[in-house]
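Below: one structure, written as structure tokens.
Protein chains: 2
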Amino acid sequence: MDIATPIATTKQEALTARYGAATPAAGPWNEHIALLLSHRSIRGYRPDAPPAGTLETLVAAAQSAATSSNLQTWSVVSVTDPAKRAAMAKLAGNQKHIEQCPIFLVWCADLSRNARMAEAEGRVLEGLPYLESFLVAAIDAALAAQNAVVAAESLGLSTVYIGALRNDPEQVAQLVALPPGVMGVFGLCVGYAAEGVANEVKPRLPQASVLHHDTYATEGEASLRAAYDGEMAAFSARQGMDNDNWSGRVLQRMGSIRALNGRDRLKAAVRALGFPLK
Amino acid sequence: MDIATPIATTKQEALTARYGAATPAAGPWNEHIALLLSHRSIRGYRPDAPPAGTLETLVAAAQSAATSSNLQTWSVVSVTDPAKRAAMAKLAGNQKHIEQCPIFLVWCADLSRNARMAEAEGRVLEGLPYLESFLVAAIDAALAAQNAVVAAESLGLSTVYIGALRNDPEQVAQLVALPPGVMGVFGLCVGYAAEGVANEVKPRLPQASVLHHDTYATEGEASLRAAYDGEMAAFSARQGMDNDNWSGRVLQRMGSIRALNGRDRLKAAVRALGFPLK
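Protein sequence lines, in the order shown, are assigned to chains A and B. Residue 282, in my numbering, is where the first sequence stops; the numbers in between run on with no holes. Residue 282, in my numbering, is where the second sequence stops; the numbers in between run on with no holes.
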């Protein structure tokens with residue numbers, strides 16, 4: 005095993021890295037949970053190829069995730085062609101790691117395989133045109149991809165999701181020849197972290213902000229956010245980034261149509277790719 | 005650790021359980037990957053409570069998953085109230101395990117927390133009304149939930165996702181008092197498998213059906229499906245279920261509007277819950 009960044013060895017260390025001062029009262033612990041807590045997204049890769057069969061191991065993990073009614077409405081495209089990689093890096097806002105990483109995967113919501121099956125059986129799948137079916141496909145792709153991420157990280161590989169493939173889903177579809185009813189919902193870089201790129205575990209909101217008991221509650225939310233803004237400002241400073249807090253970043257990312265980088269037309273793109281979203 | 009069902013000990017055993025005869029040429033392997041491959045959904049639970057702090061451990065794992073631009077647009081509601089559990093079991097088509105399991109979680113796409121933050125800062129998040137933001141929230145909820153599933157299974161707990169909460173998202177929202185901009189996208193049962201309920205690992209489609217290389221390809225798909233239909237028919241027979249194959253199940257689940265169990269009106273429900281899907 006080639007561990008790019010060491011896994012925090014104690015529960016308390018792992019929780020402090022993830023939550024700062026606001027550590028939750030977590031109970032049971034083991035090496036699997038330590039691995040999950042150690043996740044960080046990595047945006048720079050060495051060219052070194054992982055061992056033979058790594059891609060197939062990751063896909064076996066992905067296919068082992070739950071899938072709604074065993075419909076298996078997702079696919080994954082492994083992209084190695086340098087020209088396709090370059091085009092995807094460009095449409096994703098010049099994310100160079102898409103070209104660097106030894107494994108780049110396009111995770112797809114895929115209703116087309118089941119549609120082809122039905123056609124071969126002389127049937128029509130009436131449920132396909134609905135928002136429900138698109139949502140099932142996107143969620144199942146996400147469950148599968150997350151298993152692949154856990155498997156990759158267990159092997160000392162690093163990862164980063166590429167939501168920016170949704171800047172231009174039609175171009176992605178064209179690059180890898182997706183038929184109607186298939187859409188790349190996000191990408192994933194997999195590889196060994198480049199020297200000096202491995203960063204700290206990023207703190208998250210206190211559990212009290214995201215975990216609710218029987219009733220959704222917002223009491224105390226303002227002070228929880230203030231505390232988290234402080235944690236994120238300190239994190240950014242330690243990483244040598246602008247002394248930025250969480251609220252500021254969210255306002256920047258979601259505040260304007262312009263920040264969507266073209267994803268304000270996602271609905272039209274999804275429909276053009278064969279999902280009517282009825 | 006209380007392992008409800010033993011984890012296949014060798015790579016070959018695990019791959020055979022998951023793929024039948026069509027085992028992929030998987031490479032690297034370790035105990036984390038063995039855990040992922042051993043997943044099966046469980047629909048019957050003992051009432052025994054897991055150790056104190058288990059919920060918090062699962063949520064720490066969930067929050068450690070990647071989240072788009074660190075927006076953290078998801079929440080989770082732990083439902084313990086028996087009346088709420090009963091109502092959810094009923095709307096989900098009388099799934100009794102929703103009432104049985106010691107931990108029941110409603111995973112939510114949640115744009116409301118960021119909206120409240122912006123409001124407090126005197127700003128408006130122009131990106132919120134778009135399909136993109138709903139999709140990001142649903143995908144991030146799925147990534148988080150899958151980490152919780154892996155953590156639970158590593159502790160000997162079993163799980164099953166409950167997509168049927170989408171049969172009536174408005175009722176779910178009312179039961180746990182979700183504000184506008186929050187929707188329960190799926191539920192999750194967590195607990196110790198009841199005696200005799202633990203079943204075999206379910207076979208999945210051959211990797212060649214879901215994994216594509218640079219270009220989406222359908223050559224050989226018909227024979228891959230025929231082989232998988234055979235594996236699933238044999239699996240069903242071993243489980244004492246109707247001698248049913250995959251194609252038949254998909255036609256049943258997606259063939260008619262009626263099989264959507266009300267989810268043909270999901271778009272209206274999502275909009276009513278505060279996601280305009282622009």
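Just so you know, even glycine gets a beta-carbon here, dropped at the ideal spot from N, CA and C. Predicted model only: the values in this text are computed from it and were never measured.
*Roughly how many angstroms separate the alpha carbons of D6/B and P55/B, rounded to a whole number?*
As a working note, residue 6/B is residue 2 in the second sequence. As a working note, residue 55/B is residue 51 in the second sequence. Below a pLDDT of 50, predicted positions are generally treated as unreliable, and D6/B, at 41, falls in that range; no measurement from the model is reported.
_Let me check understanding here. Comparing Cα to Cα, which of T13/A, K206/A, A197/A lies closest to L159/A?_
Counting from one through the first sequence, the residue named residue 159/A turns up at place 155. Per the Cα distances, A197/A.
*Name, going along the chain, the residues of the stretch 215 to 229 of chain B whose beta-carbon falls closer than 9 Å to a beta-carbon of chain A.*
Within the stretch 215 to 229 of chain B, the qualifying residues are L215, H216, H217, D218, T219, Y220, A221, T222, E225, A226, R229.
*Roughly how many whole angstroms lie between the Cα atoms of N171/A and A226/B?*
Your numbering for residue 171/A matches position 167 in the first sequence. Your numbering for residue 226/B matches position 222 in the second sequence. One C-alpha to the other measures close to 34 Å.
*Is it right to say G131/B is buried, meaning 16 or more other beta carbons lie within 10 angstroms of its own, or is it exposed?*
Mapped onto the second sequence, residue 131/B falls at position 127. G131/B should be labelled buried.
_For T20/A, the three-state DSSP class (helix, strand or coil)_ = Residue mapping note: residue 20/A aligns to position 16 of the first sequence, counting from 1. T20/A sits in a helix when the DSSP states are folded into three classes.
*For H101/B, which of helix, strand or coil comes out of DSSP?*
Taking the second sequence and counting its residues from 1, one reaches residue 101/B at position 97. Look at H101/B here: in three-state DSSP terms it is helix.
*Taking only beta carbons into account, state which residues of the stretch 81 to 109 of chain A come closer than 8 Å to chain B, listed in chain order.*
Within the stretch 81 to 109 of chain A, those residues whose Cβ lies closer than 8 Å to any Cβ of chain B are, in chain order, V81, S82, V83, T84, D85, K88.
*Is the distance from the Cβ of A177/A to the Cβ of I143/B below 8 Å?*
Along the first sequence, one-based indexing puts residue 177/A at 173. Along the second sequence, one-based indexing puts residue 143/B at 139. Not closer than 8 Å, so no.
*Taking all protein chains shown into account, do 16 or more other C-beta atoms lie within 10 angstroms of the C-beta of T13/A, making it buried, or fewer, making it exposed?*
Start at 1 with the first residue of the first sequence, and residue 13/A comes out as number 9. The residue in question, T13/A, is exposed, as its Cβ has fewer than 16 Cβ neighbours within 10 Å.
*If you measure beta-carbon to beta-carbon, which residues of the stretch 261 to 275 of chain A are closer than 8 Å to chain B?*
Cβ contacts with chain B: I261, A263, L264, R267, D268, L270, K271, V274.
*What are the uninterrupted segments assigned as beta strand (DSSP E) that are 3 or more residues long and contained completely in the stretch 195 to 239 of chain B, given in chain order?*
Counting whole runs of 3 or more residues, the stretch 195 to 239 of chain B contains the beta strand (DSSP E) stretches 215 to 217.
*Tell me, please, which residues DSSP counts as bridged to Y165/A.*
The sequence position of residue 165/A within the first sequence is 161, counting from 1. DSSP output for Y165/A lists L192/A as bridge partner(s).
*Taking only beta-carbon positions, decide if T58/B is within less than 8 Å of chain A.*
The count along the second sequence starts at 1 and reaches residue 58/B at position 54. So, interface residue.
*asked:* Distance check for F190/B and V140/B, CA to CA, integer angstroms please.
replied: Taking the first residue of the second sequence as position 1, residue 140/B is located at position 136. Taking the first residue of the second sequence as position 1, residue 190/B is located at position 186. When rounded, the distance between both Cα atoms is 15 Å.
_Can you give me the C-alpha to C-alpha distance between G244/B and S251/A, rounded to a whole angstrom?_
Your numbering for residue 244/B matches position 240 in the second sequence. Your numbering for residue 251/A matches position 247 in the first sequence. The straight-line gap separating the alpha-carbon atoms of G244/B and S251/A is approximately 54 Å.
*With a cut-off of 8 Å, do at least 3 Cβ pairs link the stretch 113 to 122 of chain A to the stretch 62 to 74 of chain A?*
Short answer: they don't touch.
*When we look at the beta-carbon of D114/B and count the other beta-carbons within 10 Å, is it buried (16 or more) or exposed?*
Locating residue 114/B in the second sequence gives position 110, counting from the first residue. D114/B comes out buried.
_Length of the line joining the Cα atoms of S162/A and H36/B_ = In the first sequence, residue 162/A corresponds to position 158, counting from 1. In the second sequence, residue 36/B corresponds to position 32, counting from 1. Going by the C-alpha atoms only, they are around 15 Å apart.
*Where do the ends of the beta strand (DSSP E) carrying L281/A lie?*
Your numbering for residue 281/A matches position 277 in the first sequence. Run containing L281/A: none; DSSP gives neither H nor E here.
*Considering only residues of the same chain and omitting the five flanking positions on each side of A276/A, which have a CB-CB separation below 7 Å?*
Numbered from 1 along the first sequence, position 272 holds the residue referred to as residue 276/A. Around A276/A: E174.
*In this structure, what does DSSP give as the bridge partners for W78/B?*
In the second sequence, residue 78/B corresponds to position 74, counting from 1. Paired residue(s): A113/B.
*In chain order, what residues of the same chain lie with their CB nearer than 7 Å to the CB of Y23/B, ignoring the 5 residues before and after it?*
Here residue 23/B corresponds to residue number 19 of the second sequence, with the count starting at 1. Excluding positions up to five away in sequence, the list reads P207, R208, P210.
*What does R50/B reach in chain C if we use C-beta pairs closer than 9 Å?*
Protein chains A and B are contained in the structure displayed, whereas chain C is not.
*Any idea if H43/B is buried or exposed, counting beta-carbon neighbours within 10 angstroms, 16 or more meaning buried?*
The residue given as residue 43/B occupies position 39 in the second sequence. Within a 10 Å sphere around the beta-carbon of H43/B sit 16 or more other beta-carbons, which makes this residue buried.
_A68/B - DSSP class collapsed to helix/strand/coil_ = As a first step, residue 68/B must be located in the second sequence, where it is residue number 64. Sequence check: residue 68/B is Ser here, not Ala. Three-state DSSP puts S68/B in coil, outside helix and strand.
*By the 10 Å Cβ neighbour count, where 16 or more other Cβ atoms means buried, how is P28/A classified, buried or exposed?*
What you label residue 28/A is simply residue 24 of the first sequence in a count that begins at 1. Counting the other CB atoms within 10 Å of its CB gives P28/A a total of 16 or more, which places it among the buried residues.
*At a CB-CB cut-off below 9 Å, which residues of chain B make contact with S79/A?*
Residue 79/A sits at position 75 when you count from the first residue of the first sequence. The answer, in chain order, is S213, V214, L215, H216, Y220.
*Does the beta carbon of R61/B come closer than 8 Å to any beta carbon on chain A?*
As a first step, residue 61/B is located in the second sequence; it is residue number 57 there, counting from the start. The amino acid occupying residue 61/B in the given sequence is Thr; Arg does not appear at that position. With 8 Å as the cut-off, T61/B counts as an interface residue toward chain A.
*Find the residues of chain B that neighbour G234/A, judging by a C-beta separation of less than 8 Å, and give them in chain order.*
Counting from one through the first sequence, the residue named residue 234/A turns up at place 230. Think of a sphere of 8 Å around the beta carbon of G234/A: no beta carbon from chain B falls inside it, the nearest being about 15 Å out.
*Looking at the C-beta of G131/B, does it have a partner C-beta in chain A at a distance below 8 Å?*
One-based indexing of the second sequence puts residue 131/B at position 127. Between G131/B and chain A, the shortest Cβ-Cβ separation is below 8 Å.
*First and last residue of the alpha helix (DSSP H) that includes V153/A?*
The sequence position of residue 153/A within the first sequence is 149, counting from 1. V153/A -> alpha helix (DSSP H) spans 135 to 158.
*Assign K100/A to one of two classes, buried (16 or more other C-beta atoms within 10 Å of its C-beta) or exposed (fewer than that).*
For the purposes of this step, residue 100/A is identified with residue 96 of the first sequence, where counting begins at 1. So K100/A counts as exposed.
*Could you run through the stretch 155 to 171 of chain B and flag, in chain order, every residue whose CB is less than 7 Å away from some CB of chain A?*
Flagged, chain order: A155, S158, L159, Y165, G167, R170.
_Strictly below 8 Å CB to CB, what residues from chain A border Y204/B?_
By 1-based counting over the second sequence, the position of residue 204/B is 200. Contrary to the premise, residue 204/B reads as Glu rather than Tyr in this sequence. Correct list: empty, because the minimum Cβ distance to chain A is about 13 Å.
*Apply the 10 Å Cβ neighbour rule to L235/B and answer buried if 16 or more other Cβ atoms are within range, or exposed otherwise.*
Along the second sequence, read from residue 1 onward, the residue named residue 235/B stands at position 231. The question names Leu, but residue 235/B is Glu in the sequence shown. Classification for E235/B: buried.
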